[in-house]
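What follows is one structure encoded as structure tokens, with my remarks underneath.
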Amino acid sequence: MSTAVQPTLAKTSAPTLGRSILWICLLVAVLAALPLVAPRYWVYFAGILGINIIATHGLNIMTGYTGLLSLGHAAFVGVGAYTVALVQLHLGLPFYLAIPLAGVAAAVIGIGFGLPSLRIRGLYLVIATLAAQFILNFVFVHWQSVTKGDVGLTVQPATVFGYPLNNETRVYYLILFCVVVATWFAVNVIRSRVGRAFIAIRERDLTAEVLGVQIVWYKLVAFALGSFYAGVAGGLLAYFNQFVNPEQFGLLLSVFFLSAVIVGGMGSTLGAILGAVFMTLLPEFLREGALAVGNTFGFDIASILVPLREAVFGLLMVAFLILEPRGLAQLWKRARLKFSRSGQGA
Amino acid sequence: MNIFSAFLEYSAVGIAAGGIYALIALGIVVIFKSSRTFNFAMGEMMMLSAYFFYTAAVTFSFGIFFGVVVAMIGSIAVALLIERLALRPMMGRPFIAIVMVTFGIGSIIRGIVGMIWGPNDLQIPAILARTPVMIGDIFIPGKTARAFAIAVVMVAALIAFLRYSRAGIALRAAAADQITAYSMGIDVRRVIAFTWIIAAITGCISGILMANVNTLTPHLGLVALNVLSVVILGGMNSIGGVLVAGFIIGWLESVTGWVLGTEFREITPYILVLLLLLVRPTGLFGTKEIERI
Amino acid sequence: MLRVDDIQLAFGGLKALSGVSVHAETGKITAVIGPNGAGKTSLFNVVSGFYKPQHGRVTLDGEDISGLKPHQRAYRGMSRTFQNIALFHGMSVLDNIKLGAHTKLTSGVLSAGFRLGLTRREESELSREIQRDIVGLLELDHVQHHPVEDLAYGLQKRVELARALVMKPKILLLDEPVAGMNREEKREMSRFVVDVRKNWNTTVLLIEHDMSMVMGISDHIVVLSFGKPIASGTPDQVRADPNVIKAYLGTGDELVLTQDETAGAQG
Chain A
2 MSTAVQPTLA KTSAPTLGRS ILWICLLVAV LAALPLVAPR YWVYFAGILG
52 INIIATHGLN IMTGYTGLLS LGHAAFVGVG AYTVALVQLH LGLPFYLAIP
102 LAGVAAAVIG IGFGLPSLRI RGLYLVIATL AAQFILNFVF VHWQSVTKGD
152 VGLTVQPATV FGYPLNNETR VYYLILFCVV VATWFAVNVI RSRVGRAFIA
202 IRERDLTAEV LGVQIVWYKL VAFALGSFYA GVAGGLLAYF NQFVNPEQFG
252 LLLSVFFLSA VIVGGMGSTL GAILGAVFMT LLPEFLREGA LAVGNTFGFD
302 IASILVPLRE AVFGLLMVAF LILEPRGLAQ LWKRARLKFS RSGQGA
Chain B
32 MNIFSAFLEY SAVGIAAGGI YALIALGIVV IFKSSRTFNF AMGEMMMLSA
82 YFFYTAAVTF SFGIFFGVVV AMIGSIAVAL LIERLALRPM MGRPFIAIVM
132 VTFGIGSIIR GIVGMIWGPN DLQIPAILAR TPVMIGDIFI PGKTARAFAI
182 AVVMVAALIA FLRYSRAGIA LRAAAADQIT AYSMGIDVRR VIAFTWIIAA
232 ITGCISGILM ANVNTLTPHL GLVALNVLSV VILGGMNSIG GVLVAGFIIG
282 WLESVTGWVL GTEFREITPY ILVLLLLLVR PTGLFGTKEI ERI
Chain C
2 MLRVDDIQLA FGGLKALSGV SVHAETGKIT AVIGPNGAGK TSLFNVVSGF
52 YKPQHGRVTL DGEDISGLKP HQRAYRGMSR TFQNIALFHG MSVLDNIKLG
102 AHTKLTSGVL SAGFRLGLTR REESELSREI QRDIVGLLEL DHVQHHPVED
152 LAYGLQKRVE LARALVMKPK ILLLDEPVAG MNREEKREMS RFVVDVRKNW
202 NTTVLLIEHD MSMVMGISDH IVVLSFGKPI ASGTPDQVRA DPNVIKAYLG
252 TGDELVLTQD ETAGAQG
């Protein structure tokens, strides 16, 4: 054994899977019981949160793990939402076909926009996704014959064996189920050969290539998978709101998801969840805060809510990137470490 | 008026608009060349300058001249602030992280502008005379023509400056090879700050011009995203290329708007971007870089 | 095992390699040495597939691989370490090592995501194999779950070697494996390389500046200077070659060449 001086490393052991599973089951049980005890508004909020979590997972896989920056994630969510609305309208497909189809549609369109750029420098992909954001939005608004433009499309409730999911609580359970599956899938991918390839590409793609990782293929898979998640989130949103229109999928929403990934901690599945929770709660706090300020100084805050969000989302992005790039997930880890250490030392 | 004259007219207008695009794109390229940073906040910086101008010239009634001066000073201050507070701490970090920072800054500026000045269109005092310019039979709206003239003068001045002045040479040296530039005594950090000042100046002028030709709205910043196609077509590290590309894109935008209808104008640059990425991402004059391990 | 025939490589006007040929025999350790700028890393990059030479051929185990992309060469059994450590931050030591076995696994995104039988089997087998063959051999037991960026330099080098080994490569390219190490770490690393050759009959092609290591463990040495081969043979032959001594004159290494030191493990 080398006697070279080594920096003292904190004790680490293999992460214990068993304990984590217990906690997760508990959490899911609590979430399932939520509609029974909480006011309606909370359930609505939780539903939106679930959708945001799924979309954030997708962006995290693309951007956080593989390093492919997408500024157009919201547009792919929109593709998913419109797909659900349209296949229901024209083909009468049930939700368990419509939602996966929404994911596939988003993945295919995502690949369509991203493919030319996946072989070349990352910057071009960023620009391509921005182009996708604007082009898709344009299509949503102007392809009147299909999307009914600004008027939008109505979505009938999903039905489970004839049982209509026509209020938030019922759709909430569907969303909860999808969030659990989506998270489980994401965790599995990351701890597999595919996930390792993703991280390797983000870190040092040439080295990864030498070790046998086919870069273009895995970038494609990451981008498609991330877009698939976006499409599924969009599909769920369509059933949840029972309404789809272009306004829901603008640039601000893309900024929202990107902020969620950064704030939560890029390249961390827990981070994606924490980031989505934080960002979904944020507008509520901003509104309360702005209302308080508005009331104290006597002005109407309605017109500043949207730009306020834009500014704060951007500020969070920049602040976390500069100061804590590993995000809330890292803060969480540190808090846990302190908690366990103080428990031991006592 | 036959089709040919209509075509010439739309072409002329397009090329004139392209002059402004070239100016904006220059701001992006200059920063990219020296620090490999793609400034996604360029459009917002441009828009902020126009709002500074409005506030100084109209709200405080300083008049046009001082309005421009105040806008200029404000833009430069903001640019330096961005460079110092947000970008310098990010030196050495991965490229996409830096891109995300500039994108975030764009969002911050958009939000602040929206909060302070509200969502409505504002009229700024006419700097440019409205009398139309006639070239033969072709009618070019006065404001556009004059904006074009100013833009071209600025671009020419900038190119001359980069070519012949000491600062310009230092900039090109740092762009070519940072380490060698350091060893020759060039303070690369100051050079980078300087490129941000240049970007602030081009952004300010083009912002005020744009607001004159159109109106002042919080969406002005998104115009700069049109300029993405200019930057790619010209080649991200080619100043001359971006100039030519500006005219081409402006022309294409105008002509497709004429042929396909005005709502397609806003989407043309993005479709162009995608086509370029498919066919020739390095653009007309960009250089392919060899990656050594 | 690996033949490099008459490689000509130029970047614009700059000739990096002129007529370089190397034959790395199966199960033997072949070293490529030469003063700085001699073209050694360029040679490795040609072998890896990053540079396309203007002339020449690379053959692995009888197959002409000159047209293959780098990842395809990995599938043929080629593995490599890097001069400046190229570990993947954000992954643990174990995950870095597991990535080295990318070409040996087959699970795709669906199998991985749903944790189907294929993925479960492959992953557990890989873990077992790594524990059995790699972690013990390279003495990485105590750090296997740590994030790689926290490790000391010498340990990181060892992890990189582990990652290169896990695919049980036919040919292992080592780019300055002991650069920046102290004497004891160098001895250990040399021992590991020799053990690998002994246990798995791995062919090793090695770039190194440390003469005592090279002289101590190599079976065959090729000397490059300014992109041209100037000598080749056994360590003793190369040591005595006047062209080699001349090329190294003034670099301080000529003393090592002429020393009768038998430092380093003997294979």
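Protein chains in written order, with the working numbering: chain A, 2 to 347; chain B, 32 to 324; chain C, 2 to 268.
For each residue, glycine too, the CB sits at the ideal point set by N, CA and C.
Quick caveat, the model's predicted, so the values are computed rather than measured.
Query, Result
"Chain B residues whose Cβ lies nearer than 7 Å to that of residue 123/A", "126, 127"
"Partner residues on chain E for residue 134/B, Cβ-Cβ distance less than 7 Å", "Among the protein chains in the structure shown, which are A, B and C, there is no chain E."
"Residue 70/C (DSSP reduced to helix, strand or coil)", "coil"
"Other residues of its chain near residue 102/C: CB distance less than 6 Å, five sequence neighbours each side excluded", "127, 167, 168"
"Residues near residue 70/C by beta carbon distance below 7 Å, same chain, minus five either side", "50"
"Where residue 58/C sits in the DSSP three-state scheme", "strand"
"Where the alpha helix (DSSP H) through residue 238/C begins and ends", "236–241"
"Inter-residue Cα distance where the pair is residue 221/B and residue 38/B", "47 Å"
"Given residue 272/B as reference, the closest of 181/B, 49/B, 45/B, 102/B once Cα atoms are compared", "49/B"
"Partner residues on chain B for residue 325/A, Cβ-Cβ distance less than 8 Å", "Neighbours of residue 325/A on chain B: none; closest Cβ ~12 Å, over 8 Å."
"Contact with chain B by residue 127/A, beta-carbon distance below 7 Å", "yes"
"Span separating the alpha-carbon of residue 16/C from that of residue 167/B", "59 Å"
"Proximal residues, the region 194–227 of chain A versus chain C, C-beta separation under 8 Å", "194, 195, 196, 197, 198, 200, 201, 203, 204, 205, 207, 208, 209, 210, 211, 212, 213, 214, 215, 216, 222, 226"
"Distance between residue 110/B and residue 76/B (C-alpha atoms, nearest Å)", "8 Å"
"Residue(s) in a DSSP beta bridge with residue 30/C", "205/C"
"Within chain A, partners of residue 2/C - CB distance below 7 Å", "Within 7 Å Cβ-Cβ: nothing; residue 2/C doesn't reach chain A, min ~18 Å."
"8 Å Cβ cut-off: residues of chain B touching residue 304/A", "149, 150"
"Extent of the continuous beta strand (DSSP E) run through residue 225/C", "221–226"
"Those residues which DSSP pairs with residue 5/C across a bridge", "23/C, 59/C"
"Under 8 Å from the C-beta of residue 68/A: neighbouring residues of chain B", "125, 127"
"Contact check, residue 147/A vs residue 110/A, beta carbons under 7 Å", "no"
"Nearest-angstrom Cβ-Cβ length linking residue 142/B and residue 308/A, presumed shorter than 8 Å", "4 Å"
"Span separating the alpha-carbon of residue 133/A from that of residue 136/C", "47 Å"
"Three-way DSSP call (helix, strand, coil) for residue 273/C in this model", "Because chain C here runs from 2 to 268, residue 273/C falls outside it and cannot be looked at."
"Where residue 92/C falls: helix, strand or coil (DSSP)", "coil"
"Cβ neighbour criterion (16 or more within 10 Å) applied to residue 156/B", "exposed"
"Delimiting residues of the beta strand (DSSP E) encompassing residue 81/C", "79–81"
"Contacts around residue 215/C, its chain only, beta-carbon distance under 8 Å, and the 5 residues preceding and following it disregarded", "32, 34, 207, 209, 222, 236"
"DSSP three-state assignment for residue 150/C, whether helix, strand or coil", "helix"
"Contact with chain B by residue 232/A, beta-carbon distance below 7 Å", "no"
"Residue-level contact to chain A via CB, residue 69/B, 7 Å cutoff", "yes"
"Residues that residue 189/A contacts on chain C, provided the C-beta gap is smaller than 9 Å", "113, 114, 115, 116, 120"
"Proximity of residue 321/A and residue 138/B at Cβ, strictly below 7 Å", "no"
"Given 8 Å, three or more beta-carbon pairs between the region 181–198 of chain A and the region 111–122 of chain C", "yes"
"Span separating the alpha-carbon of residue 67/A from that of residue 91/C", "12 Å"
"Straight-line Cα distance separating residue 172/C from residue 2/C", "7 Å"
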